[in-house]
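In our numbering, the protein residues as written are 6 to 144.
Only one structure is covered here, and it is reproduced in the block below.
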Amino acid sequence: MSETTKNRVTAEVMPAPREQTERPTGREKLFAAGGIFGALAASACCILPLVLFSLGIGGAWIGNLTALYPYKPYFVTIALLFLAGGFYIAYRKPKMACEPGSHCATPASGRILKISLWSAALLVSAALAFPYVVPYLLD
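The following block contains the structure:
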């Protein structure tokens, strides 16, 4: 078999690789939104009242947010599960090939998804560290 025949057979059997691009799917968006809402719920008992008070928003209703503290472990667990799934899909799962010029060929949508995942991860980390940092803040 000649070299050109081998190349032609190889090209027919193995198609040329297409450019891999970022394409957020509905599942990625769900995990990112779940991580953000879980992070907000986890921080609602502790960080949110402090932020609202710092912004000048006050009232007796802010004290009601501390009633969510017993549920904080559940909110953190849910947020961490969503974030783990979101990070897996965003970074570890193989990317799908995209047609040039289509919506998925624009990397901005994947960038926004990753920014929202990292923001939610920072908020969950702040919610977890808050009980340990508060004594230093209030001294």
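Cβ atoms here follow ideal geometry from the backbone N, Cα and C, with glycine treated the same way.
Cβ of residue i within 9 Å of Cβ of residue j?
i     : j      : result
ALA38 : LEU73  : no
ALA95 : LYS119 : yes
ALA47 : ALA126 : no
PRO54 : GLY68  : yes
GLY63 : LEU57  : yes
If distances are taken between C-alpha atoms only, which option among the options comes closest to residue i?
i      : options                          : result
VAL81  : VAL139, PRO136, VAL129 and GLY90 : VAL129
LEU85  : VAL56, GLY115, SER124 and LEU143 : SER124
GLY115 : TYR137, PHE92, LEU127 and LEU133 : PHE92
LEU122 : LEU133, LEU88, TYR137 and ILE83  : LEU88
PRO140 : GLY68, ILE67, ILE41 and CYS51    : CYS51
LEU45  : TYR79, SER59, ALA65 and GLU33    : TYR79
LEU142 : GLU33, GLY31 and SER59           : SER59
Taking the beta carbon of residue i as the centre, do at least 16 other beta carbons fall within 10 Å, making it buried, or is it exposed?
i      : result
PRO136 : exposed
ASP144 : exposed
ILE117 : exposed
GLY40  : buried
ALA134 : exposed
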